[in-house]
Amino acid sequence: MTRTVLIADDDSAIRTVLGQALGRAGYNVRTTGLAATLYNWVQDGEGDLVITDVVMPDENGLDLLPRIKRLRPDLPIVVMSAQNTLFTAIRATERGAYDYLAKPFDLRELVQVAERALTRPEGPLATPKREEEGEDIPLVGRSPAMQEIYRVLARLMGTDLSVLIFGESGTGKELVARALHDYGKRRKGPFVAINMAAIPRELIESELFGHEKGAFTSANNRYAGRFEQAEGGTLFLDEIGDMPIEAQTRLLRVLQQGEYTTVGGRTPIRANVRIVAATNKDLKQFVRQGLFREDLYYRLNVVPLRLPPLRERTDDIPDLVSHFMQQVKDEGLPAKRFDNTAFEWMKSYRWPGNVRELENLVRRITALYSEEVIGVEIVRQELSSREETPPREEPPEEESLGDAVTRHLSRYFAAHGDGLPPAGVYDRVIREVERPLIGLVLNATRGNQLRAAELLGVNRNTLRKKIRDLEITVIRGIK
1 MTRTVLIADD DSAIRTVLGQ ALGRAGYNVR TTGLAATLYN WVQDGEGDLV ITDVVMPDEN
61 GLDLLPRIKR LRPDLPIVVM SAQNTLFTAI RATERGAYDY LAKPFDLREL VQVAERALTR
121 PEGPLATPKR EEEGEDIPLV GRSPAMQEIY RVLARLMGTD LSVLIFGESG TGKELVARAL
181 HDYGKRRKGP FVAINMAAIP RELIESELFG HEKGAFTSAN NRYAGRFEQA EGGTLFLDEI
241 GDMPIEAQTR LLRVLQQGEY TTVGGRTPIR ANVRIVAATN KDLKQFVRQG LFREDLYYRL
301 NVVPLRLPPL RERTDDIPDL VSHFMQQVKD EGLPAKRFDN TAFEWMKSYR WPGNVRELEN
361 LVRRITALYS EEVIGVEIVR QELSSREETP PREEPPEEES LGDAVTRHLS RYFAAHGDGL
421 PPAGVYDRVI REVERPLIGL VLNATRGNQL RAAELLGVNR NTLRKKIRDL EITVIRGIK
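Residue numbers (the UniProt record's numbering): 1 to 479.
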């Protein structure tokens, strides 16, 4: 039996194009420009799928969704909108939409969504209801690259699935993690963030899982780790690629068994947290090199989410500037605006620091310049001066391994100020050098342990023991 699709949009051209595309795909199509007409059709039992716009002359499409769902709960509804914000996507999903499409969209994508909705009408898990509130979501942008982010986030709000966010520094990974928490089912619980790269490696396990009094020399009191602090909420593991292998093993056990023990503790503690992780590293490459556990990678990477760098969504720059300008105005700084020449130049700039660099630029210009209208000269001057500043602590191009170790150890000792790091520095340093060395050699020999042992200059049994002790994953035939 031929299925019928009901389309509501106030733009007659869009109705025509959608009707033709779905007609070619084999569906019967009825179109209208009024929400009231659409509701009457649904009330009369017509249609197997509804595709509706948000803004219509007689009623907002999002307000119509609950009424349709009360009338026919199993009728799938696809919402399309040119408003293109995360707020719109969330509202559509929480009011019962099967899917959300941001205009403009590919007609082939629309037909695919229609096919899925009619074959699997149960759709995504529902987003938990929120109290009505203003659109105060810190994710800004209407570019196609951001629309897919909004669409995925809206589907994830009602789940506890682990999410792994990929993106360069400054793209807003923590903002995405916060949005997942603040508008998801765990929003009433705590949001706890920890940056793996900012904590000394020997303290990461204690920071994550806590420790008991007397667990080590300086453990004078019991410490509640981040898992305990995040109980009932969300734990955001930033720069997960910097997590040492020992902590990776303990984190994997938590994800597999749902419980953990504190450092120095024996009693298992149930973990009731959602894990959201982020990285600016290539974790697949880390897995091949033996620097990141493959099983942990797949446990974390249930839903991968790639945040686009700013250079891939330069059309969002005016909206982002407006957002940051409003922030600085709320903080008491004078209001300013950028002219079109400034925006055009900013769209051609590469933005190595991404959105964070843009925010810093807006704040700096607002504070330092008296002009009410900011032109291209000021923007070019500010960004050029930043580009000319040499990067801090960049290693020399021809740095030897010994020099690299010296540089890192010097920074490690300096971080302890007048004190000394915990005992066992030798074993920790040897372990940190051994693991990447063996991993890289295994990668170079495509997992052939006999060839790897020869290259390292050790016997095969010694290599096998090292692989086992260091928990290195060996993948044969991959380089």
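Where a beta carbon is used, it is the ideal one built from N, C-alpha and C, also for glycine. These numbers were taken from a predicted model, which means no experiment stands behind them.
Item                                                                                                                                                                                : Value
Could you compute how far the alpha carbon of residue 24 sits from the alpha carbon of residue 5?                                                                                   : 13 Å
Would you mind sorting residue 155 into buried or exposed? The rule is 16 or more other CB atoms within 10 Å of its CB.                                                             : buried
Please list, in chain order, all residues of the same chain as residue 68 whose beta carbon is under 6 Å from its beta carbon, the five residues on each side excluded.             : 42
Just the C-alpha distance for residue 175 and residue 458, rounded to the nearest angstrom, thanks.                                                                                 : 48 Å
Roughly how many angstroms lie between the CA atoms of residue 181 and residue 275, to the nearest whole one?                                                                       : 10 Å
For my contact list, residue 89 and residue 153 are in at a C-beta cut-off of 8 Å; report their separation, rounded to the angstrom.                                                : 7 Å
Taking only runs of the alpha helix (DSSP H) that begin and end inside the region 182-220, which ones reach a length of at least 4 residues, in chain order?                        : 204-209
Identify the residues that DSSP records as bridge partners of residue 238: which are they?                                                                                          : 195
Taking contact to mean at least 3 C-beta pairs separated by less than 8 Å, is the region 336-348 in contact with the region 296-305?                                                : no
Between the region 310-324 and the region 249-268, can you find at least three pairs of beta-carbon atoms closer than 8 Å?                                                          : no
Do the region 284-292 and the region 431-451 touch if we need at least three Cβ pairs shorter than 8 Å?                                                                             : yes
Once DSSP output is grouped into helix, strand and coil, what is the label at residue 430?                                                                                          : helix
Count the other C-beta atoms from every protein chain shown that fall within 10 angstroms of the C-beta of residue 104, then say buried if there are 16 or more, exposed otherwise. : exposed
Roughly how many angstroms separate the alpha carbons of residue 150 and residue 157, rounded to a whole number?                                                                    : 11 Å
In the DSSP assignment, find the unbroken beta strand (DSSP E) run with residue 51 in it and report its ends.                                                                       : 49-53
Decide if residue 40 is buried, meaning its Cβ has at least 16 other Cβ atoms within 10 Å, or exposed.                                                                              : exposed
How would you label residue 443, buried or exposed, when you count the other beta carbons within 10 angstroms and need 16 or more for buried?                                       : buried
From residue 66 to residue 356, what distance separates their C-alpha atoms?                                                                                                        : 39 Å
Is it right to say residue 206 is buried, meaning 16 or more other beta carbons lie within 10 angstroms of its own, or is it exposed?                                               : buried
Using a Cβ-Cβ cutoff of less than 7 Å, which residues in the same chain neighbour residue 193 once the five nearest sequence positions on both sides are dropped?                   : 174, 236 and 238
If I follow the unbroken alpha helix (DSSP H) through residue 491, where does it start and stop?                                                                                    : For residue 491 there is no data in the structure shown, the boundaries of the chain being 1 and 479.
Quickly, what does DSSP pair residue 259 with across the bridge? List them, please.                                                                                                 : 270
Hey, residue 224 and residue 210 are a contact pair by Cβ (cut 8 Å); roughly how many whole angstroms apart?                                                                        : 5 Å
Which residue wins for smallest C-alpha separation from residue 167, given the options 413, 280 and 37?                                                                             : 280
Round the Cβ separation of residue 52 and residue 64 to the nearest angstrom and send it over; I've been treating them as touching at under 8 Å.                                    : 7 Å
Which first and last residues belong to the beta strand (DSSP E) in which residue 28 is found?                                                                                      : 28-32
Can you tell which of 266, 470, 199 and 374 has the C-alpha that lies nearest to the C-alpha of residue 293?                                                                        : 470
Look up residue 306 in the DSSP assignment and give the residues it is bridged to.                                                                                                  : 166
Rounding to the nearest angstrom, what Cα-Cα distance links residue 450 and residue 244 in this structure?                                                                          : 27 Å
Excluding the five sequence neighbours on either side, which residues of its own chain have a C-beta within less than 8 Å of the C-beta of residue 12, listed in chain order?       : 33
My assumption, with CB atoms under 8 Å, is that residue 21 sits in contact with residue 164. Please give the rounded CB distance.                                                   : The Cβ separation is near 34 Å, so there is no contact.
Using 10 angstroms around the beta-carbon of residue 147, count the other beta-carbons present and answer buried if the total reaches 16, otherwise exposed.                        : buried
Pick helix, strand or coil for residue 458, following the three-state DSSP scheme.                                                                                                  : coil
Quick one: Cα of residue 17 to Cα of residue 95, how far?                                                                                                                           : 27 Å
Quick check on this structure: which residue in 108, 28 and 9 has the alpha carbon closest to the alpha carbon of residue 62?                                                       : 9
Between 384, 335 and 467, which lies nearest to residue 349 when the distance is taken from Cα to Cα?                                                                               : 384
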